[in-house]
Amino acid sequence: MRIVIGSDKDGMQLKEVIKKDLIEKGFMIADKSETPSEDFIASTLAVANDLMKNEGSLGITVDSYGVGSFITATKVKGMIAAVVSDERSAYMTREHNNSRMIALGSKIVGEELALSIVKEFLQATYAGGRHQVRVDMLNKMA
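Note that full-length UniProt numbering has the sequence shown beginning at 1, numbered continuously upward.
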């Protein structure tokens, strides 16, 4: 699976921890912020735009609190994203909402929790069915 990641300067350290873990687990990584981005908007747009061009990929962004990246990502037409700070939300946003991207806050979650959140997000699969009605509604809004 291909994972697209990015961060601003405040999220760089945690992003690198996540990146290292994913590489060790055999994921293909596209890092959209090899050097620190000054602003979460630039790094998030790079991740979201890549995801829109590469349907099978999933994305992870890291900034201070996750909220800024989440807001930015949801401005991209067709992007469904979530800001998460716990494992269950990460899993459920993928399973029920077909989220393709999660935003993490480096000042909210530590390394261990972040890795656990990413694991849950990546192992979840979209359930479809009754949930597709909501996904279709979201896509019509964009």
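Every residue gets a Cβ at the ideal spot worked out from N, C-alpha and C, and that includes glycine.
What you are looking at is a predicted structure, and each value in this text was computed from that prediction instead of being measured.
- Under a 10 Å Cβ-count criterion, Arg88 is classified as exposed, with fewer than 16 other Cβ atoms of the shown protein chains found around its own Cβ.
- For Ala103, the closest C-alpha among the options Glu111, Ala90, Ala124, Val76 is that of Ala90.
- Counting along the chain, the unbroken alpha helix (DSSP H) around Asp50 starts and ends at 40 to 53.
- Val62: not part of any alpha helix (DSSP H); member of the beta strand (DSSP E) spanning 58 to 63, first to last residue.
- In its chain, beyond the 5 residues on either side, Ala124, Ala127 have a beta carbon closer than 6 angstroms to the beta carbon of Glu95.
- Taking 8 angstroms as the upper bound for CB-CB distance, Ala30 and Val4 are in contact here, some 5 angstroms apart.
- Rounded to whole angstroms, the gap between the alpha carbons of Ile71 and Thr93 is 16 angstroms.
- Leu113 and Asp63 have their C-alpha atoms spaced approximately 15 angstroms apart.
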